[in-house]
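Remarks on the structure that follows.
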Amino acid sequence: MQDQGQVILRSAIDGLAAHVAVVDKDGWIVQVNRAWERFGHQNARFTRGLGVGANYLDVCDRAGDAHPAAEVAARLRGQLAGDTAPWSVEYPCHGGGVERWFRLVSTPCDAGDARAVLTHENITDRHRAEQDLHIRSRLLRELATPVVAMRPDGVVGEWNPAAERVFGYPAEGMRGGRWVEMLTVPSGGLSLLDHLDAVGHVSTEREVVRPDGSTVHVALYGIRVDDDAAQPLGIVVIAFDLTARVDAERQLRGVRDFLRAVARDMGEGLLTHDPAGRVTFVNRAAARMLGCEEGDQVTRIMGEAAYQAEHLRKHETSFTRRDGTTLDVEFTSSPFVTEAGVSGQVVVFSDISERKERERDLLARVEWAALIGTVRDALDEGRMVLHAQPIIDVRSGETVQHELLIRMIGGDGELIAPGAFLPAAESFGLIREVDRWVITQAVGLAARGLPVELNLSASSLSDPGLLDTISAEIAVRRVDPALLVFELTETGILEDERSAGQFIAGVREMGAKVALDDFGTGYSGFSYLKHLPVSYLKIDIDFVRDLLANDASRHVVAAVVDLSDRFGLR
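According to our numbering, the sequence shown is numbered sequentially starting from 72.
So, in structure tokens, the structure goes:
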């Protein structure tokens, strides 16, 4: 049975890649595997006396108390004396200018004469790599940049002072811990260790929470350190504090958002356009005033001159709205170039329509004021004339009356239409004198037996002496009042219905007649027929102009004619 056990033991240790030797209770080597033998042949200079039959303890003792072999001998004696705990030791074995490191593991054994199995392996490459990593860590401790060195499983080995300062965790509390588990993993992404395991390096930005609850934004650059056999030895992570930059960018975004909000909601219109003339931004005021939007062409809105303007301030122009109407504006235009190289023009404008309207009104009043002198001179110099427009009875074709229409003869003999001077006369109170002149001329024509109609302004209806003037003219010239028709407009009556009613009653009492002009355009015309004794209704031209082509106009005219018949009017 003993021989069989020896055979089994021999087969087992020969199959191991490590150098294996079996010793008995006194330290004698009773068995070695092929790897031990090969190592002995290759290193005969250093391994003499370590074959089968040699005493391993004696060899260790000969090395001296200062040699690591003394520790090996002491531990092995304890194990051979009954200590069943396995042990290991790493030691240098240099020689011939070659630096080598070995690891010896001793495991208790009770198989025949065997009492301990010694496993010996060369760990020079691993030791060098660990030394390199340690040296690198020592050097990185002196850097002002946070550096973290970890084992392949993520356990922290080195945590330099800069890491303490940036992350807020002391090195004593971090060494031996798993710092990477404190990092936020992007949704759906790999953890830092998974990424390093898969790729070997990583570059990312993360927000890390400090012990006091504050946060630090860092850029992390990690690399996995491998040995010559491509086996991971450790991980080194370098961090760069980006908090100041991120805060600055956040503040900049806040300023930009603030400025954009101000630009968007400011009362003045604001738009920007690129060099090609396309609108790139339009605020709410501009969109409301112009009806424009991003992508519109500036030339359509502002015109070519405004599009080409640079550093132009306080320029007035008319912008064209999307619906085709125009808007009077005052604008400034300035070029801009962003840090990203985007260029164009920024245009700020305000609506000056009311101001321009006031200016136009003021200009018109100035022109009218100058015109008043001309009107007064024309009255004094006899340069007012009346043109007679015939009124024809469509049933007989005969001219039954004439409407008198005033004109003014200019200094050069040109004929001036009433629209050019009557508004000024009305605005500056001269219209009553014009109306009195017309009344005098009309009564004179009626004295010759001619039936005439004359137009009176709304202002004259409230003239308390007007009826007396008409009555006196009729009496002096002995005119038949029935030849006179005074024509009033609905708007004129609306200005002073009381005075208009008194005037109509007064001329009717004299025997003259009243015509209501532009009938059908207002909302009160039908109510006037109930209490104002007019004789004629003059249908507004809007209904007559298209009488042959528009059914609605025909219906209105037919209704007015029928209404006139029922009220006994013409």
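Glycine included, each C-beta is placed from N, C-alpha and C at the ideal position.
With a threshold of 16 other CB atoms inside 10 Å of the CB of residue i, please say whether the residue is buried or exposed.
i      : result
Lys609 : buried
Thr409 : exposed
Thr286 : exposed
Pro406 : exposed
Pro217 : buried
Ser414 : exposed
Ser530 : buried
Glu558 : buried
Arg295 : buried
His473 : buried
Val123 : exposed
His602 : exposed
His344 : buried
Gln651 : The structure shown has nothing for residue 651, since the chain only spans 72 to 641.
Arg503 : buried
Asp136 : exposed
Gln150 : buried
Ala517 : buried
Which value, in whole angstroms, describes the spacing of the CA atoms of residue i and residue j?
i      : j      : result
Gln302 : Gln102 : 32 Å
Pro282 : Asn231 : 17 Å
Val94  : Ala185 : 6 Å
Arg466 : Ser424 : 52 Å
Met72  : Ala92  : Low confidence applies here, because Met72 scores a pLDDT of 48, under 50, leaving its location unreliable; read the following figure in that light. When rounded, the distance between both Cα atoms is 22 Å.
Ser262 : Leu175 : 37 Å
Ala145 : Cys164 : 18 Å
Glu142 : Asp132 : 10 Å
Gln202 : Arg236 : 26 Å
Leu128 : Arg148 : 8 Å
His205 : Asp328 : 49 Å
Asp633 : Val615 : 16 Å
Met581 : Leu554 : 11 Å
Thr621 : Ala629 : Correcting the residue type first, residue 621 is Asn in the shown sequence and not Thr. Rounded to whole angstroms, Asn621 to Ala629 spans 12 Å at the Cα level.
Gln113 : Leu87  : 18 Å
Arg393 : Cys363 : 6 Å
Thr560 : Ala356 : 42 Å
Leu521 : Ile541 : 17 Å
Measuring alpha carbon to alpha carbon, tell me which of the options ends up nearest residue i.
i      : options                           : result
Val585 : Arg148, Gly348 and Pro552         : Pro552
Tyr607 : Phe352, Leu263 and Leu587         : Leu587
Arg519 : Arg503, Ile545 and Ser533         : Ile545
Gly338 : Asn354, Asp633 and Glu425         : Asn354
Ala491 : Lys96, Val578, Gly484 and Arg478  : Arg478
Val456 : Val465, Thr470, Gly481 and Arg436 : Gly481
His288 : Ile294, Arg295 and Thr275         : Thr275
Trp172 : Met245, Leu341, Ala215 and Tyr162 : Tyr162
Val605 : Ala234, Phe638, Ala220 and Arg569 : Phe638
Ala90  : Gly111, Asp622 and Val78          : Checking the sequence, you will find His at residue 90 rather than Ala. Among Gly111, Asp622 and Val78, the Cα nearest to that of His90 belongs to Gly111.
Gly183 : Trp107, Asp633, Arg197 and Lys96  : Lys96
Leu361 : Gly582, Leu342, Ala315 and Leu486 : Leu342
Leu600 : Leu565, Glu566 and Leu640         : Leu640
Val631 : Asp611, Val547 and Thr388         : Asp611
Thr403 : Met373, Arg426 and Gly284         : Met373
Ala215 : Ile309, Val130 and Ala517         : Ile309
Ala200 : Ser624, Leu304 and Asp181         : Leu304
Val219 : Ala152, Asp617, Phe390 and Phe311 : Phe311
Ala495 : Glu524, Gly444, Leu532 and Asp483 : Gly444
Pro346 : Ala156, Pro241, Ala290 and Gly366 : Gly366
Ala233 : Glu213, Glu452, Arg222 and Pro522 : Glu213
Gly340 : Glu428, Arg625, Phe390 and Arg324 : Phe390
So who's on the other strand from residue i, going by DSSP bridges?
i      : result
Arg478 : Val456
Asn126 : Trp99
Pro461 : His473
Pro303 : Asp297
Pro217 : Its beta-bridge partners do not exist; DSSP assigns none.
Arg335 : Per DSSP, none; premise fails for Arg335.
Lys584 : Val556
Ala310 : Leu291
His386 : Phe402
Gln368 : Arg349
Thr190 : Val91 and Val176
Shorter than 8 Å, the distance from the beta carbon of residue i to the closest heavy atom of the ligand FMN, or not?
i      : result
His288 : As for the ligand FMN, it is missing from this structure, which has no ligand bound.
Flag this pair as touching only if the segment 498-509 and the segment 531-539 have three or more C-beta atom pairs under 8 Å; answer yes or no. yes
With a threshold of 8 Å, are at least 3 pairs of Cβ atoms found where one atom belongs to the segment 397-405 and the other to the segment 322-334? no
Can we say the segment 219-229 touches the segment 243-252, given the rule of at least three CB pairs closer than 8 Å? Inter-segment contact for the segment 219-229 and the segment 243-252 is present: three or more beta-carbon pairs are separated by less than 8 Å.
Cβ pair count under 8 Å reaching 3, the segment 177-193 against the segment 91-100: yes
So does the segment 317-328 actually touch the segment 292-308, counting three or more Cβ pairs closer than 8 Å? no
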